[in-house]
Each structure stands twice: as structure tokens, then as C-alpha cells.
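Peer 1: I have a structure here, written as C-alpha cells, and I will follow up with some questions on it.
There are 2 protein chains.
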Amino acid sequence: MDAEAIKRSLEDTGLRCTPQRYAVMAFLMETDQHPTSAEIFEAVNRVDPRSSRATTYNNLRDLVQAGLVREVAIEGRAARFDAKGMRHHHFICDRCGNVEDIDWYDLPSPAPGSLDKRILRESEVIFRGLCAKCAPGGASRQA
Amino acid sequence: MDAEAIKRSLEDTGLRCTPQRYAVMAFLMETDQHPTSAEIFEAVNRVDPRSSRATTYNNLRDLVQAGLVREVAIEGRAARFDAKGMRHHHFICDRCGNVEDIDWYDLPSPAPGSLDKRILRESEVIFRGLCAKCAPGGASRQA
DNA sequence: ATATCACATTAGATATAGTCTAAGTTCTCA
DNA sequence: TGAGAACTTAGACTATATCTAATGTGATAT
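So the sequences go chain by chain: P and V.
The first sequence begins at 6 in the numbering used here and counts up by one.
The second sequence begins at 6 in the numbering used here and counts up by one.
Written out as C-alpha cells, the structure reads:
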């Protein structure tokens, strides 16, 4: 996605396209690494040092509220962030904490009645388990 | 589950059945509220003040490691804990952060290949969305 | 043009959640 | 009964994230 498209997607949600906000969004769209806020802060300031930690947090909050970014909480670790592009599920490794995207596929609804009145957010779910590196026989590097 | 059964389940995993640890486990088994560590600490000490915060955290860590308890991370909030009884999925409300159990049902695996070498943990997943209270028309109390 | 005002950024203080340390206690088993 | 392992504890510490108050920036009206 080009600069103009990012700018438009920001403004479509009522957010100004500031250099700092743009940098966060652009970085999230070009990576598939599900970075933490600290990693985003570093990446943005590596290119052109011009965003504070507070602004990085502010912008991440705004982008999540605007529905452009998803935050993924992980037990005992910093939250990770993911630009919402195409619908997809997530997989989090129980051992190293890495987050991976899983291509979208339809999941059946829970037993009728058990989710009455609840609105599932597009039925995107989080799977847990051991990633390729951490599974027995894998390279098993701790992240 | 009675006291003896809790004691046995602890010792089966190699953990001593201390009063503090027993209290944490018993509280988690009798509630369906997915409490935070602070709530567990308070509940335990309300009955008989005899556990420190550090011990509560230590025991929660031990119980999670032993596979008797599940920790559920939530963006921007304290982790919540859940005694693993019968297999079940989880639902987390995007608005109030409440966690609900969803009765177990089989989910189809992701598209073949997309999880190569990954090991799904029993295919229990976390759904996201709006709970009954927070959905439009619901009572909408913030938790 | 420029005044105004809402939106945005910033450094640093503060809050919250959770971990570590070092000392003491209790259990187990030889 | 003594030794070592497992456990508990208060309080210090760390990590993550939010808040505050001052400053900066850009859109709009006049």
C-alpha cells in the first residue's frame, strides 16, 4: 500500500495524518512481525528520530480505536500490534510468545444459544500452542 | 470437587498442598468469574489472612506450569485466571474485558499446511467481540 | 493575514502489574 | 534428629503503560 493510501485510510477514520502517526501505520503495514510498542518506537526513530514514547502509545491507541490496528495481549509480555489487512486468525506460541498470522477460514459458531446476544468480532480467534521453532524437534530459540 | 480431590490433583503434579496453594486452587475452582491475581489475593485473605502477594503470584505461576490453571491475557488489563476443568473455549469482551467460558466444541483445523510443524494446544481458542451487556441494547456496564 | 481552537506531540512523573531477593519457615526423608 | 528441598514473606525492584501540563501544528473563520 502506498503513502497516499495510508494517508486516506487514516483520514477516513477522522485521524490526522501526522508524520508520527503515519510512520507507525506504515511500519505496521510493512512488517509481519507483530512488533511491541518498544519495537515500533525504535523502528520509527531509526529512520528519522522524531517520535516520543508517549506519542507512539497515543498513536497506537488511536489506531486501535479507529479499527486500523489490532492489539494482541500475551501473558507476561508486552502487547503486540498488527495492522489489520485481510481478515485472519492468530496463533501465539505458548513457549516463545511469538505471534503468527493464520490465513482466514470460516469457523463454525459455538453451540446455538451459548453466544446469544454476543457479537463475535468477525469470528477471528486466537489459537495457542507451540510454534515450529518450539515444537519438539524444532530449533527452539526463545524469543 | 472436594478438598481431598484438590489435594490429590496438586500432588499428582508434584506440588505440595500448602494452605496458600490450596486456597488459590479452591477459589479458582468454585468461581466462574476468571479473577485477576489481585482478586484472588483478596479472596484468599478474606477467608483467613495468610497469603502474601508474592506467594499468590508464585502459586499461580506454579499452577499454570502444572497445567491446572490457565492464564488469560487481556489488552491493557491484569491477567485473569481460570481453573482448567472441562475443555472449553474463551470469549473476551472487547469493551469491558470480561472473560466467559464457551462450552467446548470441535473447531476445524486451519487450512492444511498453514500450521505445519506447529502444535495446537487442544485447539482451545479465544473469541473476541462484545458481551451481552456491552452489545448495542445491552446493559453495558464497564467492568 | 491572523486569531482561534481543536488536535497532536513531548518529557517526565506517575500508576499498575508482576518479578526478584534474601531471610525465615515447614515439610520430607534418610 | 538433622539436612536439604520446597515454600512463604515483605519489600525492593523492573517493565509496561498512562497521565499531566506545557508546547507545537494545522484548519477554519473573519
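Heads up, the beta-carbon is just placed ideally off N, CA and C, and yes, glycines get one too.
On a predicted model such as this, the values are computed, not experimentally measured, just so you know.
(1) Jot down the residue ranges of each uninterrupted alpha helix (DSSP H) in the region 37–77 of chain P, minimum 4 residues, whole runs only, in chain order.
(2) At a Cβ threshold of 8 Å, is Val-104(P) touching chain V?
(3) Going along the chain, which residues of its own chain have a beta-carbon closer than 7 Å to the beta-carbon of Tyr-62(P), five neighbours each way excluded?
(4) Counting only the same chain and skipping the five closest in sequence on each side, list residues whose C-beta sits under 8 Å from that of Asp-37(V).
(5) Going along chain V in order, which residues have a C-beta closer than 8 Å to the C-beta of Phe-46(P)?
(6) Secondary structure at Asp-111(V), three-state DSSP: helix, strand or coil?
(7) Can you find the residues in the same chain that come closer than 7 Å, C-beta to C-beta, to Ala-78(P), ignoring five residues on each side of it along the sequence?
(8) Would you mind telling me which residues of chain P sit closer than 9 Å to Leu-73(V), beta carbon to beta carbon, in chain order?
(9) Check this for me: beta carbons of Val-74(V) and Ala-88(V), under 8 Å apart or not?
(10) What whole-angstrom Cβ distance do Arg-92(P) and Glu-47(P) have, given they're in contact under 8 Å?
(11) Check each candidate in Glu-44(P), Asp-17(P), Arg-55(P) and name the one with the smallest Cα separation from Pro-165(P).
(12) State the start and end residues of the unbroken alpha helix (DSSP H) segment that holds Ala-84(P).
(13) I'd like to know if Tyr-110(P) contacts chain V, where contact means its C-beta is closer than 8 Å to some C-beta of that chain.
(14) Please tell me whether Glu-16(P) has its Cβ less than 8 Å away from any Cβ of chain V.
(15) Nearest chain V C-beta to Leu-68(P) closer than 8 Å, yes or no?
(16) Helix, strand or coil for Arg-21(V), going by three-state DSSP, please let me know.
(17) Compare the Cα-Cα distances from Ser-114(P) to each of Asn-103(V), Ala-31(V), Val-104(V), Phe-96(V) and report the closest residue.
(18) If we count the other Cβ atoms within 10 Å of its Cβ and call it buried at 16 or more, is Cys-136(P) buried or exposed?
(19) Find the nearest neighbour of Ser-57(V) within the set Glu-9(V), Pro-141(V), Ala-28(V), judged by alpha-carbon distance.
(20) Expressed to the nearest angstrom, what Euclidean distance is found between the alpha-carbon atoms of Gly-134(V) and Asp-99(V)?
(21) Starting from the Cα of Pro-40(P), find the closest Cα among Asp-17(P), Leu-112(P), Val-104(P) and give me that residue.
(22) Gly-90(P) versus chain V: which residues are under 9 Å apart at the beta carbon?
(23) If you draw a straight line from the C-alpha of Asn-64(P) to the C-alpha of Asp-17(V), how long is it?
(24) Based on the DSSP output, what are the partners of Glu-105(V) in its beta bridges?
(25) With H, G and I counted as helix, E and B as strand and the rest as coil, what does DSSP make of Ile-11(P)?
(26) Taking the alpha carbon of Asp-53(P) as the reference point, which residue from Asp-67(P), Gly-72(P), Phe-32(P) has its own alpha carbon closest?
(27) Using a Cβ cut-off of 8 Å (strictly closer), state whether Arg-146(V) contacts chain P.
(28) Measuring only between beta-carbons, confirm whether Ala-78(V) sits less than 8 Å from chain P.
(29) Any idea which residues DSSP pairs Ile-131(P) with across the strands?
(30) Can you list the residues of chain P that Phe-86(V) reaches, using a CB-CB cut of under 8 Å?
Peer 2: On the basis of the supplied data:
(1) 42–52, 58–70
(2) no
(3) Ser-42
(4) Asp-106
(5) In chain order: nothing, as chain V lies at least about 17 Å away.
(6) coil
(7) Ala-84
(8) Within 9 Å Cβ-Cβ: nothing; Leu-73(V) doesn't reach chain P, min ~15 Å.
(9) yes
(10) Rounded, the Cβ-Cβ distance is 29 Å, inconsistent with contact.
(11) Past the boundaries of the shown model lies residue 165(P); chain P is included only from 6 to 148, so the question cannot be answered.
(12) Segment 82–88 is the beta strand (DSSP E) holding Ala-84(P); no alpha helix (DSSP H) there.
(13) yes
(14) no
(15) no
(16) coil
(17) Phe-96(V)
(18) buried
(19) Ala-28(V)
(20) 5 Å
(21) Val-104(P)
(22) What Gly-90(P) touches in chain V: nothing, since even the nearest Cβ is about 16 Å away.
(23) 48 Å
(24) Phe-96(V)
(25) helix
(26) Phe-32(P)
(27) With a pLDDT of only 45 at Arg-146(V), under the threshold of 50, the placement of this residue in the model should not be trusted; the figure read from the coordinates follows. No - not a single Cβ of chain P is within 8 Å of the one on Arg-146(V).
(28) yes
(29) His-95(P), Ile-131(V)
(30) What Phe-86(V) touches in chain P: nothing, since even the nearest Cβ is about 10 Å away.
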